[in-house]
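Enquirer: Handing you a structure now.
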Amino acid sequence: MVTMKLRKPYTTASIWSSGKITCTGATSEDQSKIAARRYARTLQRLGFKTRFTNFRVVNVLGTCSMPFAIRILAFSEKHREAEYEPELHPGVTYRITKPKATLKIFSTGGITVTAPSVSDVQQAIEHIYPLVYEFRKEKTAEDIALAQKRLRSKKRKLGINDEPEELEEVFLNQDDVEDSEDDALVIKQEDCSDSE
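Numbering (the working numbering), first residue to last: 25 to 220.
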């Protein structure tokens, strides 16, 4: 097996002696097809006889984050489709037959879905949401302390020293406990120009 990488789209290909190429890392089905064509073209330029045939998307990985934490021990005890081995893996493995999908559910509310297509990933998330909602975890003192720590860290990164208490309360009372890259702290500043 030979491994080849592309920068655009950022993907990795495993090239087997049988001629089969497995392309991973693309962020969409279109990008995976473009990448697979580029790998075939590169091999062609190197002098190998190649033909681009039998392209198919076999596996799609999707992730999402629930706006709440999940009591995964109670969840795994109630649902027989769920497997939970905390010594081996920190998440619950939940298998759905229709649509065919495998979900990894974590106590933080993060869910990873593996399915044959993007539509199956979407259906799996829609299927699991009411099931995990029943086992949502209320905020504890630890969660609030963690949120305060994250707020202080964000303030340091943004260079904010003094901030109104109301903004701090708004941040701490948000439903999501988990920090994400999309979060942004916006502060409105009043015009402080001197009147003449």
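The C-beta atom is built at its ideal place from N, Cα and C for all residues, glycine as well. Just so it is clear, the structure is predicted and the values come from calculations on it, not from any experiment.
How long is the line joining the alpha carbons of S72 and R65, rounded to whole angstroms?
Expert: Going by the sequence as given, residue 72 is Phe instead of Ser. One C-alpha to the other measures close to 10 angstroms.
Enquirer: Kindly indicate the opening and closing residues of the beta strand (DSSP E) around Y118.
Expert: Residues V116 to I120.
Enquirer: What are the start and end residues of each continuous alpha helix (DSSP H) run of 4 or more residues lying completely inside the stretch 80-144, in chain order?
Expert: With a minimum length of 4 residues, the continuous alpha helix (DSSP H) runs that stay inside the stretch 80-144 are 96-102.
Enquirer: Go through the stretch 28-56 residue by residue and report every complete run of the beta strand (DSSP E) that reaches 3 residues or more, in order.
Expert: Listed in chain order, the complete beta strand (DSSP E) runs (minimum 3 residues) inside the stretch 28-56 are 35-39 and 45-48.
Enquirer: If we call anything under 7 angstroms between Cβ atoms a contact, is A93 one with T121?
Expert: Not a contact, by the Cβ cut-off of 7 angstroms.
Enquirer: In its own chain, which residues sit with a C-beta less than 7 angstroms from the C-beta of L67, not counting the 5 before and 5 after it?
Expert: The residues are T74.
Enquirer: Using the Cα positions of L85 and K179, report the straight-line distance between them to the nearest angstrom.
Expert: Each residue's alpha carbon lies about 34 angstroms from the other.
Enquirer: Skipping 5 residues on each side, what residues in its chain have a beta carbon closer than 7 angstroms to that of V26?
Expert: Here the set comprises I39.
Enquirer: Quick one, which of R62, C47 and D167 has its alpha-carbon nearest R80's?
Expert: The residue with the shortest Cα to Cα distance from R80 is C47.
Enquirer: Among the residues of its own chain, which have a CB less than 7 angstroms from the CB of I58, if the five just before and after it don't count?
Expert: The answer, listed in chain order, is P33.
Enquirer: Are three or more beta carbon pairs between the stretch 167-179 and the stretch 147-157 nearer than 8 angstroms?
Expert: Judged by Cβ distances under 8 angstroms, the stretch 167-179 makes no contact with the stretch 147-157, as fewer than three pairs qualify.
Enquirer: Suppose you measure from the CA of P114 to the CA of F130; what does that come to, to the nearest Å?
Expert: If I take the Cα positions, the gap works out to 7 angstroms.
Enquirer: Could you check which residue in S41, K29, Q55 and M90 has the C-alpha nearest to that of F159?
Expert: The option with the nearest alpha carbon to F159 is M90.
Enquirer: State the Cα-Cα distance for the pair E53 and C88, rounded to the nearest angstrom.
Expert: Cα to Cα, the separation comes out at about 19 angstroms.
Enquirer: Could you tell me if R157 is buried or exposed, where buried requires 16 or more neighbouring beta carbons within 10 angstroms of its beta carbon?
Expert: The question names Arg, but residue 157 is Tyr in the sequence shown. The residue in question, Y157, is exposed, as its Cβ has fewer than 16 Cβ neighbours within 10 Å.
Enquirer: What is the DSSP secondary structure of R62, counted as helix, strand or coil?
Expert: Here R62 sits in helix by DSSP.
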